[in-house]
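Q:
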Amino acid sequence: MSVFQNFIGGETVAAANVSRNINPSNTGDVIGEFASGTKADADRAVAAAKAAFPAWSRTTPQERYDILKKASDEVLARREELGRILSREEGKTLPEGIGEAARAGQILAFFAGECLRFGGETMPSVRPGVGVEMTREALGVIGMITPWNFPIAIPAWKIAPALAYGNCVVIKPAEIVPHSAWALVDILNRAGLPKGVLNIVMGKGSVVGQAIIDNPDVAGISFTGSVQTGRRIAANCVAASPMKKVQLEMGGKNPLVVLDDADLKIAVECAANGAFFSTGQRCTASSRLIVTAGIHDAFVAALTERLQGLVIDDALKAGTHIGPVVDENQLATDEKYIAIGRDEGAKLHWGGERLNRENPGFYLQPALFTGVANSMRIAREEIFGPVAAVIRVANYDEALAVANDTEFGLSSGICTTSLKHATHFKRNAEAGMVMVNLATAGVDYHVPFGGRKGSSYGPREQGSYAREFYTSVKTSYTLA
Ligand code: ADP
1 MSVFQNFIGG ETVAAANVSR NINPSNTGDV IGEFASGTKA DADRAVAAAK
51 AAFPAWSRTT PQERYDILKK ASDEVLARRE ELGRILSREE GKTLPEGIGE
101 AARAGQILAF FAGECLRFGG ETMPSVRPGV GVEMTREALG VIGMITPWNF
151 PIAIPAWKIA PALAYGNCVV IKPAEIVPHS AWALVDILNR AGLPKGVLNI
201 VMGKGSVVGQ AIIDNPDVAG ISFTGSVQTG RRIAANCVAA SPMKKVQLEM
251 GGKNPLVVLD DADLKIAVEC AANGAFFSTG QRCTASSRLI VTAGIHDAFV
301 AALTERLQGL VIDDALKAGT HIGPVVDENQ LATDEKYIAI GRDEGAKLHW
351 GGERLNRENP GFYLQPALFT GVANSMRIAR EEIFGPVAAV IRVANYDEAL
401 AVANDTEFGL SSGICTTSLK HATHFKRNAE AGMVMVNLAT AGVDYHVPFG
451 GRKGSSYGPR EQGSYAREFY TSVKTSYTLA
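Per this note's numbering, residue 1 is the first one in the sequence shown, and the count goes up by one each step.
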């Protein structure tokens, strides 16, 4: 069986323990054994990153551009293979896996360009004869803790800006999907990164993740994952001495409003895609479908018909629309919430059953609840599975109020042909991202990504806005 080790300070470092990476489409398929690191491994990686930082942060934009561009070229050339690796370990369909691998390549190319576009500002001083310059400098060592649902795109959108702006990195990917991040780190290192600039330490969050957070030589933590873990990390970063900069991307309970005047076909497509594609395992998933009374029954009927036509099967099989749930734990969570929804009095209108396929895997039929009140737990808590709740409302005003009545604020969508309502919704949705006649999930890579309220904390990710987190501003005054 293949064994994948941690990569620290430019070397492969054998770990005492390994963890098996299992294919959720076929639990008999063991992808490989992956290092399960220790606190000592994490500390060694931070020390290597710290040692590499002075030289790396002073490289020319051209040197950093060349490495990121070369890595981008390799990721794009190998997109099919990397997509297969991703779908095999995470369970999203092969087209989704290949698409995500390509996305990682595009992100690397974008941040290669950022190396060259990265400038400062000057201003005249309020004092005579004085000039003021505002420049940005790298933070130092950045710790990254990533989740399982985008195993290559999220590591790419954290690593690429960190490197582009001159930081060094220690990344700990989610324990159940380490192969994609490992492959990305391998590609970047072979593209020419000096040793120690980019290190990967795989293993448990409570061990490796915690050790990265506790290390005083880490200047910032970029985290994507659950609200619970995010809150703990933020508290740790603020209590640390010195304090750490922290960026958190966490949950969502994203609304998709469907108004009476919506194009029904577009609305059904937005809902099917937003709620159920990628097995509903996206923080931007449309888990609340808020539908006005006049279109409610037609929408539910058309969406149900769409769901009946979806193929739920092995992620690597041609023709599969929805792959399995990522693992046993997540499947248990999804089923727990389906039971909670029923107990709360919502109607399980379609699906929600475990499915058997050729190979043993974590297959779940997408579940659509109707008759849901926004106060129910299935409308308030993030499930992170193929489970959506239809909430019937009287009109646009009630739809907007219900859409905003949530502790989260990541992505918010509306399907309407009314310019007035679309414009009002864009202005008044309490979310970091708003979608009009588009699914709440599915974003561009060159513009900011992030949310409000309980969904996010700290500066935005992606696009040029990423520099807010990965750099520190310096204001210099000169008397000429
Ligand atoms: P999910 O439900 O998506 O697994 P988590 O927040 O548990 O969300 O996991 C996201 C990432 O955070 C993973 O890489 C995980 O290993 C890591 N993690 C979990 N617990 C901790 C912790 N106590 N300290 C640091 N990292 C953690």
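Beta carbons are placed, not taken as given, at the ideal position from N, Cα and C, and that holds for glycine.
None of these values were measured; they are calculated from a predicted model.
Measure the Cβ-Cβ separation of glycine 120 and glycine 97 and say whether it is below 7 Å.
A: no
Q: What's the gap between the Cα of asparagine 374 and the Cα of phenylalanine 425?
A: Computed Cα separation, rounded: 19 Å.
Q: Under 8 Å by Cβ, that's how I've got leucine 163 and lysine 245 pegged, so tell me the actual separation to the nearest angstrom.
A: Separation of the CB atoms of leucine 163 and lysine 245 is rounded to 17 Å, and the pair is thereby denied contact status at 8 Å.
Q: Looking at the secondary structure, which residues open and close the alpha helix (DSSP H) in which glutamine 106 lies?
A: 94-117
Q: Specify the secondary structure class of cysteine 415 as computed by DSSP and reduced to three states.
A: strand
Q: Should glycine 409 be labelled buried (16 or more other beta-carbon atoms within 10 Å of its own) or exposed?
A: buried
Q: Report the three-state DSSP secondary structure of arginine 427 (helix, strand or coil).
A: Arginine 427 falls in the helix class under three-state DSSP.
Q: Does at least one heavy atom of ligand 1 sit under 6 Å from the Cβ of glycine 280?
A: For ligand 1, not one heavy atom lies less than 6 Å from the Cβ of glycine 280.
Q: Using the beta-carbon of each residue, find all residues closer than 5 Å to any heavy atom of ligand 1 and list them in chain order.
A: Cβ atoms closer than 5 Å to ligand 1 belong to Ile145, Pro147, Ala174, Gly205, Ser206, Gly209, Gln210, Gly225, Ser226 and Thr229.
Q: Specify, as a first and last residue, the run of the alpha helix (DSSP H) that leucine 229 falls within.
A: Just to set this straight, residue 229 is threonine in the shown sequence, not leucine. In the DSSP annotation of this structure, the continuous segment of the alpha helix (DSSP H) that includes threonine 229 starts and ends at 227-239.
Q: So, with DSSP's three-state summary, where would you put glycine 294?
A: helix
Q: Along the chain, where does the alpha helix (DSSP H) containing isoleucine 152 start, and where does it finish?
A: Premise fails: isoleucine 152 is in no alpha helix (DSSP H) and is neither H nor E.
Q: Give the list of continuous beta strand (DSSP E) stretches no shorter than 3 residues that lie fully inside the stretch 352-408.
A: Annotation: the stretch 352-408 contains the following complete segments of the beta strand (DSSP E) (minimum length 3 residues), in chain order: 367-370 and 387-393.
Q: Does threonine 417 pass the burial test, meaning 16 or more other C-beta atoms within 10 Å, or should it be called exposed?
A: exposed
Q: Cα separation between threonine 423 and leucine 303?
A: It is roughly 26 Å from the alpha-carbon of threonine 423 to the alpha-carbon of leucine 303.
Q: Quick check on glycine 205: does DSSP put it in helix, strand or coil?
A: helix
Q: Given a cut-off of 7 Å on the beta-carbon distance, is the pair glutamate 89 and valine 30 in contact?
A: no
Q: Within a Cβ cutoff of 8 Å, which residues of the same chain sit near phenylalanine 118, ignoring the five residues on either side of it in sequence?
A: Excluding positions up to five away in sequence, the list reads Pro61, Arg136, Ala164, Tyr165 and Arg467.
Q: Check each candidate in Asn359, Val473, Arg460 and Asp444 and name the one with the smallest Cα separation from leucine 316.
A: That would be Asn359, whose Cα lies nearest to the Cα of leucine 316.
Q: Output the distance between the C-alpha atoms of proline 24 and aspartate 327, rounded to the nearest integer angstrom.
A: 6 Å
Q: Using a threshold of 6 Å, is the CB atom of leucine 94 nearer than that to any non-hydrogen atom of ligand 2?
A: With respect to small molecules bound, the structure shown includes ligand 1 and not ligand 2.
Q: Given a cut-off of 7 Å on the beta-carbon distance, is the pair alanine 285 and alanine 272 in contact?
A: Contact: no.
Q: My output table needs one value for cysteine 283: the three-state DSSP class, helix, strand or coil.
A: coil
Q: Can you find the residues in the same chain that come closer than 7 Å, C-beta to C-beta, to glycine 129, ignoring five residues on each side of it along the sequence?
A: Leu479 and Ala480
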